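Take a look at the structure set out below.
There are 2 protein chains.
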Amino acid sequence: MSSNRHSVVIVGFGGMGSYHAGLIKETSTLIVVGTYDVLEARRTNSNDAGYKAYQSYEEVLADSSVEIILIATPNDVHKEIAIRALQAGKHVICEKPVALSKVEFQEILAAADQAGRVFMVHQNRRWDEDFLTIKKMYDEETIGSLFQIESRVHGANGIPGDWRHVKAQGGGMLLDWGVHLLDQLLFMIDSKITSVSSSLSFILGNDVDDGFEAILQFENGIKAIVEVGTTNFITLPRWYVKGIEGTGIIEDWSLTGRLVTRNNAGEKIEPKPIRAGVGLTKTMAPPSEGATITEELPQPSELSSSFYDNFAAVIEGTAEPIVKNAEVMRVQNLIEVIFEAAESNQVVKNFDIYDK
Amino acid sequence: MSSNRHSVVIVGFGGMGSYHAGLIKETSTLIVVGTYDVLEARRTNSNDAGYKAYQSYEEVLADSSVEIILIATPNDVHKEIAIRALQAGKHVICEKPVALSKVEFQEILAAADQAGRVFMVHQNRRWDEDFLTIKKMYDEETIGSLFQIESRVHGANGIPGDWRHVKAQGGGMLLDWGVHLLDQLLFMIDSKITSVSSSLSFILGNDVDDGFEAILQFENGIKAIVEVGTTNFITLPRWYVKGIEGTGIIEDWSLTGRLVTRNNAGEKIEPKPIRAGVGLTKTMAPPSEGATITEELPQPSELSSSFYDNFAAVIEGTAEPIVKNAEVMRVQNLIEVIFEAAESNQVVKNFDIYDK
Chain A
1 MSSNRHSVVI VGFGGMGSYH AGLIKETSTL IVVGTYDVLE ARRTNSNDAG YKAYQSYEEV
61 LADSSVEIIL IATPNDVHKE IAIRALQAGK HVICEKPVAL SKVEFQEILA AADQAGRVFM
121 VHQNRRWDED FLTIKKMYDE ETIGSLFQIE SRVHGANGIP GDWRHVKAQG GGMLLDWGVH
181 LLDQLLFMID SKITSVSSSL SFILGNDVDD GFEAILQFEN GIKAIVEVGT TNFITLPRWY
241 VKGIEGTGII EDWSLTGRLV TRNNAGEKIE PKPIRAGVGL TKTMAPPSEG ATITEELPQP
301 SELSSSFYDN FAAVIEGTAE PIVKNAEVMR VQNLIEVIFE AAESNQVVKN FDIYDK
Chain B
1 MSSNRHSVVI VGFGGMGSYH AGLIKETSTL IVVGTYDVLE ARRTNSNDAG YKAYQSYEEV
61 LADSSVEIIL IATPNDVHKE IAIRALQAGK HVICEKPVAL SKVEFQEILA AADQAGRVFM
121 VHQNRRWDED FLTIKKMYDE ETIGSLFQIE SRVHGANGIP GDWRHVKAQG GGMLLDWGVH
181 LLDQLLFMID SKITSVSSSL SFILGNDVDD GFEAILQFEN GIKAIVEVGT TNFITLPRWY
241 VKGIEGTGII EDWSLTGRLV TRNNAGEKIE PKPIRAGVGL TKTMAPPSEG ATITEELPQP
301 SELSSSFYDN FAAVIEGTAE PIVKNAEVMR VQNLIEVIFE AAESNQVVKN FDIYDK
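Have a look at this one:
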């Protein structure tokens, strides 16, 4: 173990736990020294990968050489594992969604506060390049001030056949993918949410949502549509955003996309009516030639450091967390409101935790 | 004038009036014998096109050789022109939206009833091939039972610079394009609407909406999203529909599109996780090879006759109207509810006029 790397034990060594191990290997600030999983097979995987497989969680907590617990378990046990880690004097990185309710998360934060330890949620999709490209457009008004932001993630595989389709374990798409898309929006848009409407989809017959759509209205005038689907055999674009001067699209994770803006230098030529279906339309005719400009997407924004390096700096006291717990609480609250809006089929207002 | 063609005078000889004239020329059931317009220039156009230009509406009504008045004026004067025509014993074809309110439309229907004349609204987009392709998929469950239908029309030209941007004349996109998209859905989906939410867009600074989004929930489980935009420099697909067995898309008026369905004959292979952004996902990975089938769109449904031929048959008493006034009233009511839902930012329930 390098003397200047902070030691991490990963609790829950499934898909995400292994993924973290690989990513942490690339950092110069953290090092994985072991794992703990309730399943024998995963303890074998851990040994095979060169990570000590602890035999019990007590053994991890009793090991004073371990500084950080990284929680990559199903969502329903985050709270207990986190609180025990904090009480044992460990710092904690926790997978999203942080908890099944605000109350659970408040208990975790109280434990972190009492122990004087760092607790940070792995809202890693703040670092996604597609999102950071939209963030650049938002911050720099590349296509003018944005007034509509549509963020969609579509798959056709249904919900994975593990705990993610079990309600008691915190399954369902709003908690799984929704937490990412909502976290991105709230990280980008510095404005209070004034209303939310939503609907959940239960096409696959699970007891958890297999998709959802939420419409968020912000005080600054922005309307955001957030949609996740797992029964979409054709995908709509990952991002579709409208600004005062044009429209931007990002098709998929490969960052295929473009901007089309009004050509203010061009001659104003009325578009010619077109036959559309059995009718005639000038309104929906393509703009005249030269009336618009097509451009490439801008370069994505950059965050000040990676998630892991930021975490290391936070426990060293040299940086503020990029993922702040107050922000995570705001998203947790929003998720609860989206469930409420869908279940009651009502527009919900006056709920946002926003204190700027 | 052919002895077996019914004589039509077009009132309002602008873009739509001229368009009707061209279409009626192709029928063997109707014939345009003249026009009336308040503008001198259009009377000249009419003469140039070989249609008698009546000098006043009174002159049209007094002409006993005229059987049918076709109204293609701004929306705010439909009612007066229609009622006077009916009282003069004429049958009436009226452009959409039929009126500015249910009350106006009720007055027209009372006049038609009293006069024993036919009044029919030109909901011509029931004949659009893109719509009839979706209708085929709906009726025949080509991709399984449909549960989500998204109908969008996007343009980037703003609202045309005529009466269509004036509120008092019945301007705005909900009345202009919304009436088509809503009429199509209600014509296709034989189920009561249980709730509506919506928002209107006022980006262009007009006193009418330059676009809107409405979400309709039907009693049979279908969710429909209807969206019109005039500030969309990149367009989303005209139709995006989800069925139990797959997804269908129609990109635009050219009927470019496809179906992608689950391959039930294929071997069940779990998709491999992909790296998406900075994260890992199996849920949103593309389905495994062979897990889906891509097909062409089906042939569109066919309606029993064209709008004009149907109108002629209705006045001859040999057919039922394809566009029924009760259906038009239901759409008119829905439009008023969509305005109400947007203005109050509430989900509106228990409003649908549906009596089957």
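In the order they appear, the protein sequences are chains A and B. Using this note's numbering, the letters of the first sequence map in sequence onto residues 1 to 356. Using this note's numbering, the letters of the second sequence map in sequence onto residues 1 to 356. Just so you know, even glycine gets a beta-carbon here, dropped at the ideal spot from N, CA and C. Being a predicted model, the structure only gives us computed values, none of them experimental.
Going by DSSP, B/Tyr308 is part of the alpha helix (DSSP H) stretching over Phe307 to Glu316. Taken atom to atom, the span from the alpha-carbon of A/Asp309 to that of A/Thr35 is near 20 Å. Each of B/Tyr57, B/Val33 and B/Cys94 was checked against the Cα of B/Ser46, and the nearest Cα belongs to B/Val33. At least one CB of chain A lies nearer than 9 Å to the CB of B/Phe131. Put simply, of B/Met284, B/Val77, B/Gly89 and B/Gln217 the residue whose alpha carbon is nearest the alpha carbon of A/Ile234 is B/Met284. B/Lys135 is positioned such that its CB atom lies closer than 9 Å to that of B/Met188. Nearest to A/Ser305 by C-alpha distance, out of A/Val153, A/Pro321 and A/Asp76, is A/Pro321. A/Gly14 and A/Ala99 have their C-alpha atoms roughly 18 Å apart. In the DSSP secondary-structure assignment, B/Arg238 is not bridged to any residue. Residues are counted here when their Cβ sits less than 9 Å from a Cβ of chain B; for the segment 258–285 of chain A these are Arg258, Leu259, Val260, Thr261, Arg262, Glu270, Pro271, Pro273, Ile274, Arg275, Ala276, Gly277, Val278, Gly279, Leu280, Thr281, Lys282, Thr283, Met284 and Ala285, given in chain order.
Check the Cα spacing between A/Ala62 and each of A/Gly89, A/Asp37 and A/Asn333: the tightest is with A/Gly89. Counting the other Cβ atoms within 10 Å of the Cβ of A/Gln299 gives fewer than 16, which makes it exposed.
If you draw a straight line from the Cα of A/Thr292 to the Cα of A/Val260, it comes to about 6 Å. In the DSSP secondary-structure assignment, B/Ile193 is bridged to B/Phe218.
Nearest neighbour of B/Ala342 by Cα position, chosen from B/Thr44, B/Glu107, B/Gly211 and B/Asn75, turns out to be B/Gly211. Within its own chain, the residues whose Cβ lies closer than 6 Å to the Cβ of A/Ala313, once the five positions on either side in sequence are excluded, are Ala319, listed in chain order. Beta-bridge partners assigned by DSSP to A/Leu204: none are found. Secondary structure of B/Gln148 (DSSP, three-state): strand. For A/Lys167, the CB contacts under 6 Å within the same chain, skipping 5 residues up- and downstream, are Asp207 and Val208 in chain order. A distance below 7 Å between beta-carbons, with the five flanking residues on each side excluded, links B/Arg164 to the following residues of its chain, in chain order: Gly171 and Asp176. Rounded to whole angstroms, the gap between the alpha carbons of B/His91 and B/Arg84 is 11 Å.
Burial is judged here by how many other beta carbons sit within 10 angstroms of a residue's own beta carbon; B/Glu213 has at least 16 and is buried.
By DSSP's assignment, B/Ile71 forms a beta bridge with B/Val11 and B/Cys94. Proximity of B/Thr230 to chain A, defined by a Cβ-Cβ separation below 9 Å, is satisfied.
DSSP places B/His165 within a helical segment (H, G or I) once states are collapsed to three. The C-beta of B/Val38 has fewer than 16 other C-beta atoms within 10 Å across all chains shown, which makes the residue exposed.
Taking the Cβ atoms as the reference, B/Ile93 lies roughly 28 Å from B/Phe351, outside the contact range of under 8 Å.
At a C-beta separation below 8 Å, A/Tyr308 has no neighbours in chain B, since its nearest C-beta there lies roughly 11 Å away. Here B/Ser199 carries a strand assignment [DSSP, helix/strand/coil].
B/Ala62 is outside the set of residues whose beta carbon lies under 9 Å from a beta carbon in chain A. With respect to A/Ile31, A/Ser56 sits apart: the two C-beta atoms are not nearer than 9 Å.
Segment contact: the segment 219–229 of chain A against the segment 117–132 of chain A, fewer than three CB-CB distances shorter than 8 Å; contact not assigned. B/Val179 carries a helical assignment under DSSP once its states are collapsed to helix, strand and coil. Residues of the segment 1–19 of chain B that bring their beta carbon within less than 8 Å of a beta carbon in chain A comprise Gly15, Met16 and Tyr19, in sequence order. Residues Ile225 and Tyr240 of the same chain have their beta carbon placed closer than 6 Å to that of A/Glu150, with the five preceding and five following residues left out of the count. Ranking B/Ala41, B/Gly50 and B/Tyr138 by CA distance to the CA of B/Ala21 puts B/Gly50 first.
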